[in-house]
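Enquirer: Residue numbers (this note's numbering), protein chains in the order written: chain A, 1 to 113; chain B, 1001 to 1115. Note that beta-carbon positions come from the ideal geometry of N, C-alpha and C, so glycine has one too.
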């Protein structure tokens, strides 16, 4: 069983479109994250949720909106996609937000054309 | 805000040579974690260091946490082609008494190993 699964794995879309990436974890973790990895491999946190509550919201454009229907799911919706949004987006989860390891999903490679 | 700097950005070695990547934080950390990301893969947790001056080993990998808890290093002895990938440090610190500390990743060191 995949611990942290995100879909889709690849997403190619045109500028201006709206798209969603879904993430689910079956580890029973309380905390989930979205990270963006650019072409230089830099991993930057975007959002963090703990038990469905938003606890970290980095300087991310309003076009990005996370949604956590329950603590096992954290989806990422992106409006009006731009070329600069092209990156690999990783979902991750941890048991709690105080120093335990993070488990990452396989990543979603988003390409905006 | 908290910054975690990692050097070098790239390292090319011959198989059998040693490799070290260094991590420095602008603030004192409560703990530091190390992750490895294989090409095309996702980051995978390697280890966590919590105590000042802590040293941990995993086979050919040695991890250190500085006395001031602001720096850390990962040393690989006698690299193998299976060591190829990007190594990230990730530090967590607590600011202003908040309960939740953000895990901030370093820029990563991309290691290539030539057979």
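Kindly indicate the opening and closing residues of the beta strand (DSSP E) around residue 70(A).
Expert: Working through the first chain from its first residue, we reach residue 70(A) at position 70. Element bounds for residue 70(A): 64-70.
Enquirer: Could you list the residues in the stretch 14-42 of chain A with a C-beta less than 9 Å from some C-beta on chain B, going in chain order?
Expert: Answer in chain order: 31, 33, 35, 37, 40, 41, 42.
Enquirer: What is the C-beta distance between residue 71(A) and residue 57(A), in whole angstroms, given that I count them as a contact (C-beta under 8 Å)?
Expert: Walking along the first chain from the start, residue 71(A) turns up at place 71. Walking along the first chain from the start, residue 57(A) turns up at place 57. About 17 Å separates the two Cβ atoms, so there is no contact after all.
Enquirer: Please look up how many angstroms separate the CB atoms of residue 45(A) and residue 1070(B), rounded, as I've assumed it's under 8 Å.
Expert: Taking the first residue of the first chain as 1, we reach residue 45(A) at position 45. Taking the first residue of the second chain as 1, we reach residue 1070(B) at position 70. So it is not a contact: roughly 20 Å between Cβ atoms.
Enquirer: With a cut-off of 7 Å, does the C-beta of residue 1039(B) fall near any C-beta of chain A?
Expert: Reading the second chain from its first residue, position 39 is the one you call residue 1039(B). With 7 Å as the cut-off, residue 1039(B) does not count as an interface residue toward chain A.
Enquirer: In the structure shown, what three-state DSSP assignment does residue 83(A) receive?
Expert: Looking up residue 83(A) in the first chain gives position 83. In the structure shown, residue 83(A) sits in a helix (DSSP, three-state: H, G or I).
Enquirer: Measuring only between beta-carbons, confirm whether residue 64(A) sits less than 7 Å from chain B.
Expert: Counting from one through the first chain, the residue named residue 64(A) turns up at place 64. Answer no: the Cβ-Cβ gap between residue 64(A) and chain B never drops below 7 Å.
Enquirer: Would the stretch 1054-1070 of chain B and the stretch 1022-1030 of chain B be scored as touching if the rule is three or more Cβ pairs under 8 Å?
Expert: Short answer: they touch.
Enquirer: When DSSP builds the beta bridges, which residues end up paired with residue 1044(B)?
Expert: As a first step, residue 1044(B) must be located in the second chain, where it is residue number 44. Paired residue(s): 1036(B).
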